[in-house]
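**Student:** Attaching a single structure in structure tokens format; questions to follow.
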Amino acid sequence: MPEYQPTSRSARRIKNTLFQAVAMTAAGIALIVLATLLISICARGFPRLDWNFITAAMSSDSSATGIGPALLGSISILAICAVSAIPLGVASAILLEEYRPKAKLPRTLHGFVQSNITNLAGVPSIVYGILGFSVFVVMFSNENLNEPWFDLGQEFYLEYPGAGGQSFYVESFEGAPLTPASQELASVAIYGSLVDARAGGPLAEVEIVEAGSLEAIRGEADARLRKIRRSMNRALRNATTNDTLQVDETSAGEIAAGMLTPLRDELKADYEVMKATAAEQLLAMNGQTSVEQLQSRLVLYNKLLEKEFEAAGLRGLIIEDTAPLRKDVKKWYYMQIPFGKGMLAGGLTLMLVILPVVIVSAQESIRAVSQEMRAGVLALGGTKWQAIEKVVLPAAIPGICTGAILALSRAIGEAAPILLIGYVGLQVGPDHLMAAFAALPLEIYNWTSEPDKSFRDAAAAGIIVLLAVLFSFNAVAVFIRQKFQQAN
Amino acid sequence: MTASITTGDGLKAIAQSQSPGKERSTFLRDLKERIIVSVLILCGFITVSITVLIVFILAQQAAGFFGGGIQDVQGREANVSISDFLFALEWNPLQGSDKEFGIWPLIVGTFQVTIVAMCIAIPVGLMVAIWLSEFASPKVRAVIKPAIEIIAGVPTVVFGYFALTFVTPLLQLDFAGIAGNPDVNKANPLDIQIFNVLAAGLTVGIMCIPIVTSLSEDAIRAVPRALREGSYGLGASRFETSIKVVFPAALSGIVAACLLAFARAVGETMIVAIAAGLNPPKLAEGLSNIFAVNEPTQTMTGYMVSVFFGDLATGTVEYQSVYAVGMTLFVITLCITIVGAYIRKRFRQQYE
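In the order they appear, the protein sequences are chains A and B. Each number in this note's numbering comes from the position in the first sequence (counting from 1) with 1 added on. Each number in this note's numbering comes from the position in the second sequence (counting from 1) with 81 added on.
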């Protein structure tokens, strides 16, 4: 039994105050570090941050590099991750919370699953990276990823170079022989452009010309292209005052006529159509500055080009005995097994990382729905699922949403799990499910560990974008929580 | 109708009629119920299979690493035995002709960083937790707690950037370096190198503060009010109540929180990959290297990143070593998590 030792009142009070001061300092230090982090990154990143940085592709020049493809990649894999993790997580949560078995063996199993999920939350994310790589990318096999044993949604074309820089696309099959034009074309459908071909557009009439006249045709086509461009630019320049284009209906007709080459007599009707088209486009451009005109000039040029080619009989010409090129078009849902290093594998790997988080938060919000509400439905003769569907889920949705959004905001910042699957330095964003992707956190890591320190400013600017996305996610989550807390 | 019910005939008629109201197909309803339950069970099954798959794949690939018969990058046969891996003190898989695969340098490297981190995260996190729940007014708490939790939302690659470009120059007292142009004649009293344990550890520690704070605050707030009232009633101050009554009562939750933060620090990847360097401590040259916190180190996760980000061919012994390291990492973090869950469950005080 320790002896009672009176301590002086002031000493106790000092201890109390001292602890409070130290603890407040500790909290203050944590917050100051956070503020320092944000300020130091903003100070370095903001000068680099502009629209060009957000849209540009990565470059080996640190002052021109950007995050465009990486941002698109991050958003795409996040979408895949959300679409897979949320239904799976919520379903697992419902199973664990609402269908608790009573028999001994299932109950043990249930407990095992529950503790499993809790433990999964502590697994380092890089371990999920290994799992994602082994399961999704290579599908347990170490065979060549470039030759999947199953694929779907891929179209094959043979591209024949045509006159005037146009190409013609012929639908084909995998491994079609690359035979010269004249032998193949009789039996296949020819399309004017790849875009039309993919949309199942109209067939263009195709005429095969002899290889001998190729130079002549090219020459004529090129001359016409140059002429159109020259006369168009001249006509537009004459009509421009104070950097804006000023036309009315009569002057538009005159300018259009100035841009076109008078055609042979039998094509007079075509000429009138061309003139009308050009005049219409010119009127649409009225009042635009030269910068604003860029887009509409291109439209005008293409329209004129198309008509001019048609009029000159240049459209639909394929030069005989030219060998085609293979052109594969992957639709957005292109699917192959094994997945390879692509978006789907990346998104599903992120799903593995956040699944435990989604399940645990969904479980908590389902548990928070009072038992009486379920009992009410059952008393009215409803089934268990009706109780879940009509009562439990609507009440738990705000909590589930908040948890899911917070989990997604974690997923978008994760670099470790997708290190093995993602790429850095891609020039374009992903265009189908199996496409290679770059991701923002990976790009930031790459720039930070680059020996050339000038990339660190770009890394800081990338971090600002990442944090902006992340904090807006968190803001939405907080908003949902606040809103529904008030409603209840 | 009403009359017949009162006489009882109508009631009998209703009871005997085949369709008292709109007929409901209980068959279809039951079928739907069954289908939904099967879908839910399928989802649960997928979730469980993730854990099973982690263990299976790591074990399978690690077995490939130890099984022999695989070649290294230079095309030579490489045999690594489990006992070498578990007991040797040298780790040198990537450079030179003499490859060594003893895991201990990586484990020690991991714990160097983790222990520095815990020296920051546990005291700061716990003090903040006690202060928030016992001292701070509700208004202050409503501001400080979310602010601390923002730290948990910051991606670790951002912390890595911060460690390399801010914490390291700060430790070197190189204030020009913070702004982006390193000073050649910096003071650097501790001889801190560009990649070092200290900066990585401190940053991991900062990252772990919100984990300790928010989980232990939950545990502390779960201590019933009556215990505090009793203590105040006996004349104890707030400080005495917090330390002598509330803290012991919440100890299981607090220990579990600290263990979770520990597991997170062990598995932390991007910060150490960026700021800690590529050289695990050379244990074979003397165990005192463990304490060289100013020098570079490499953790298990850092090694995995360096292999993943390089371009080693799959199937080589260097590449396969990642799975053995990953397995070790998984086992260590899983043990910590399980111990944490056990402590929380076993030693939880039940108050009614």
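Glycine included, C-beta positions come from ideal geometry on N, C-alpha and C. Here the structure is a predicted model, which is why all the values come from computation and not from measurement.
Short of 8 Å Cβ to Cβ, which residues in the region 374-397 of chain A face chain B?
**Tutor:** Here the close residues are 384, 385, 386.
**Student:** Mind checking who residue 336 of chain A pairs with in its DSSP beta bridge?
**Tutor:** Translated into the one-based positions of the first sequence, residue 336 of chain A becomes position 335. Residue 336 of chain A pairs with A:153.
**Student:** By the criterion of Cβ-Cβ separation under 8 Å, what are the contact partners of residue 298 of chain B in chain A?
**Tutor:** Against the second sequence, residue 298 of chain B aligns to sequence position 217. The contacting residues do not exist; residue 298 of chain B stays about 12 Å from chain A at best.
**Student:** So what does DSSP say about residue 189 of chain A, is it helix, strand or coil?
**Tutor:** Position 188 of the first sequence, counting from 1, holds the residue named residue 189 of chain A. With a pLDDT of 49 at residue 189 of chain A, under the threshold of 50, the modelled position of that residue is not reliable, and the figure given next carries that caveat. It is coil, neither helix nor strand.
**Student:** Residue 330 of chain A by DSSP, collapsed to three states: which one?
**Tutor:** Numbered from 1 along the first sequence, position 329 holds the residue referred to as residue 330 of chain A. Looking at residue 330 of chain A - three-state DSSP - the assignment turns out to be strand.
**Student:** In whole angstroms, what separates the C-alpha of residue 116 of chain B from that of residue 123 of chain B?
**Tutor:** Stepping through the second sequence from its first residue, residue 116 of chain B is reached at position 35. Stepping through the second sequence from its first residue, residue 123 of chain B is reached at position 42. Straight-line Cα distance between these residues: approximately 10 Å.
**Student:** Spatial neighbours of residue 455 of chain A within its chain, please: CB distance less than 8 Å, with the 5 preceding and 5 following residues excluded, ordered by chain position.
**Tutor:** As a first step, residue 455 of chain A must be located in the first sequence, where it is residue number 454. The answer, listed in chain order, is 63, 64.
**Student:** Counting only beta-carbon separations shorter than 8 Å, does residue 126 of chain A have a partner in chain B?
**Tutor:** Within the first sequence, numbered from 1, the residue matching residue 126 of chain A stands at position 125. Yes, contact with chain B.
**Student:** From what residue to what residue does the alpha helix (DSSP H) around residue 436 of chain A run?
**Tutor:** Translated into positions along the first sequence, residue 436 of chain A becomes position 435. Note, residue 436 of chain A: premise wrong, no alpha helix (DSSP H); not H, not E.
**Student:** I'd like to confirm the pairing. Which residues does DSSP put opposite residue 202 of chain B in its beta bridges?
**Tutor:** Residue 202 of chain B sits at position 121 when you count from the first residue of the second sequence. Answer is none; residue 202 of chain B lacks a bridge partner.
**Student:** Suppose you measure from the CA of residue 318 of chain B to the CA of residue 298 of chain B; what does that come to, to the nearest Å?
**Tutor:** If you number the second sequence from 1, residue 318 of chain B lands on position 237. If you number the second sequence from 1, residue 298 of chain B lands on position 217. Approximately 20 Å, taken between the alpha carbons.
**Student:** Within this structure, are the beta carbons of residue 75 of chain A and residue 437 of chain A separated by less than 8 Å?
**Tutor:** Position 74 of the first sequence, counted from the start, is the residue given in the question as residue 75 of chain A. Position 436 of the first sequence, counted from the start, is the residue given in the question as residue 437 of chain A. Contact: no.
**Student:** Cα separation between residue 227 of chain A and residue 293 of chain A?
**Tutor:** Taking the first sequence and counting its residues from 1, one reaches residue 227 of chain A at position 226. Taking the first sequence and counting its residues from 1, one reaches residue 293 of chain A at position 292. Approximately 23 Å between the Cα atoms of the pair.
**Student:** Show which residues of chain B have a CB atom less than 8 Å away from the CB atom of residue 95 of chain A.
**Tutor:** The residue given as residue 95 of chain A occupies position 94 in the first sequence. Correct list: 121.
**Student:** Please state if the CB of residue 129 of chain A and the CB of residue 449 of chain A are separated by a distance shorter than 8 Å.
**Tutor:** In the first sequence, the residue the question calls residue 449 of chain A occupies position 448. In the first sequence, the residue the question calls residue 129 of chain A occupies position 128. Cβ distance not < 8 Å, so residue 449 of chain A and residue 129 of chain A don't count as in contact.
**Student:** Taking just the CA atoms, how far does residue 473 of chain A sit from residue 40 of chain A?
**Tutor:** Taking the first sequence and counting its residues from 1, the one referred to as residue 40 of chain A is at position 39. Taking the first sequence and counting its residues from 1, the one referred to as residue 473 of chain A is at position 472. Those two C-alpha atoms are separated by around 18 Å.
**Student:** Hey, residue 229 of chain B and residue 284 of chain B are a contact pair by Cβ (cut 8 Å); roughly how many whole angstroms apart?
**Tutor:** Indexing the second sequence from 1 puts residue 229 of chain B at position 148. Indexing the second sequence from 1 puts residue 284 of chain B at position 203. 16 Å between Cβ atoms; not a contact.
**Student:** By DSSP's criteria, residue 473 of chain A is part of a beta bridge. Which residues make up the other side?
**Tutor:** The residue given as residue 473 of chain A occupies position 472 in the first sequence. Paired residue(s): none; residue 473 of chain A is not in a bridge.
**Student:** Taking the alpha helix (DSSP H) that residue 81 of chain A belongs to, which residues open and close that run?
**Tutor:** Position 80 of the first sequence holds residue 81 of chain A. Element bounds for residue 81 of chain A: 69-99.
**Student:** Cα separation between residue 152 of chain B and residue 131 of chain A?
**Tutor:** Position 71 of the second sequence holds residue 152 of chain B. Position 130 of the first sequence holds residue 131 of chain A. Residue 152 of chain B and residue 131 of chain A: Cα-Cα distance of roughly 21 Å.
**Student:** Below 8 Å, can you find three or more Cβ-Cβ pairs linking the region 147-163 of chain A to the region 386-403 of chain B?
**Tutor:** No, the region 147-163 of chain A does not touch the region 386-403 of chain B.
**Student:** Would you say residue 30 of chain A touches the ligand HEM, meaning its beta carbon is less than 7 Å from a heavy atom?
**Tutor:** Only the bare structure without any ligand can be found here, which leaves the ligand HEM out of the picture.
**Student:** For the alpha helix (DSSP H) containing residue 443 of chain A, name the first residue and the last one.
**Tutor:** The residue given as residue 443 of chain A occupies position 442 in the first sequence. Looking at the DSSP string, the run of the alpha helix (DSSP H) that includes residue 443 of chain A is 441-449.
**Student:** Does chain A have any CB closer than 8 Å to the CB of residue 172 of chain B?
**Tutor:** If you number the second sequence from 1, residue 172 of chain B lands on position 91. Not closer than 8 Å to any Cβ of chain A, the Cβ of residue 172 of chain B fails to qualify, so no.
**Student:** May I ask you to verify whether the region 344-361 of chain B touches the region 408-415 of chain B, counting CB pairs closer than 8 Å and requiring at least 3?
**Tutor:** They touch, by the three-pair rule.
**Student:** Taking the alpha helix (DSSP H) that residue 140 of chain A belongs to, which residues open and close that run?
**Tutor:** In the first sequence, counting from the first residue as 1, residue 140 of chain A sits at position 139. Note, residue 140 of chain A: premise wrong, no alpha helix (DSSP H); not H, not E.
**Student:** In the region 250-278 of chain B, which residue ranges form an unbroken alpha helix (DSSP H) of at least 4 residues, counting only runs that do not cross its ends?
**Tutor:** Those alpha helix (DSSP H) runs which fall completely within the region 250-278 of chain B and span 4+ residues are 256-260.
**Student:** Any chance the region 126-146 of chain B sits against the region 103-117 of chain A, with 3 or more Cβ pairs inside 8 Å?
**Tutor:** In short, these stretches touch, since the Cβ pair count reaches three.
**Student:** Please determine if the region 320-328 of chain B and the region 208-221 of chain B are in contact, where contact requires at least 3 C-beta pairs separated by less than 8 Å.
**Tutor:** The region 320-328 of chain B vs the region 208-221 of chain B: in contact.
**Student:** Here's a check: name, in chain order, each residue in its chain whose Cβ is nearer than 7 Å to the Cβ of residue 68 of chain A, leaving out the five neighbours to either side.
**Tutor:** The count along the first sequence starts at 1 and reaches residue 68 of chain A at position 67. Answer for residue 68 of chain A: 54, 55, 441, 444, 463, 466, listed in chain order.
**Student:** For residue 291 of chain A, does the count of other Cβ atoms within 10 angstroms reach 16, so buried, or fall short, so exposed?
**Tutor:** Here residue 291 of chain A corresponds to residue number 290 of the first sequence, with the count starting at 1. Residue 291 of chain A should be labelled exposed.
**Student:** List the residues of chain B whose Cβ lies closer than 9 Å to the Cβ of residue 350 of chain A, in chain order.
**Tutor:** Taking the first residue of the first sequence as 1, we reach residue 350 of chain A at position 349. Ordered by position in chain B, no residue passes the 9 Å Cβ test against residue 350 of chain A, which lies about 11 Å from the chain.
**Student:** Out of curiosity, what's the CA-to-CA distance linking residue 325 of chain A and residue 160 of chain A?
**Tutor:** Taking the first sequence and counting its residues from 1, one reaches residue 325 of chain A at position 324. Taking the first sequence and counting its residues from 1, one reaches residue 160 of chain A at position 159. Going by the C-alpha atoms only, they are around 5 Å apart.
**Student:** Measure the C-alpha to C-alpha separation of residue 407 of chain A and residue 232 of chain B and round it to an integer number of angstroms.
**Tutor:** As a first step, residue 407 of chain A must be located in the first sequence, where it is residue number 406. As a first step, residue 232 of chain B must be located in the second sequence, where it is residue number 151. Roughly 13 Å between the two C-alpha positions.
**Student:** Would you say residue 289 of chain A reaches chain B, if we count a Cβ-Cβ gap shorter than 8 Å as a contact?
**Tutor:** The sequence position of residue 289 of chain A within the first sequence is 288, counting from 1. It does not: the Cβ of residue 289 of chain A has no partner Cβ on chain B nearer than 8 Å.
**Student:** Can you find a C-beta in chain A that's less than 8 Å from the C-beta of residue 26 of chain B?
**Tutor:** Coverage of chain B is limited to positions 82 through 433, which leaves residue 26 of chain B absent and any answer about it impossible.
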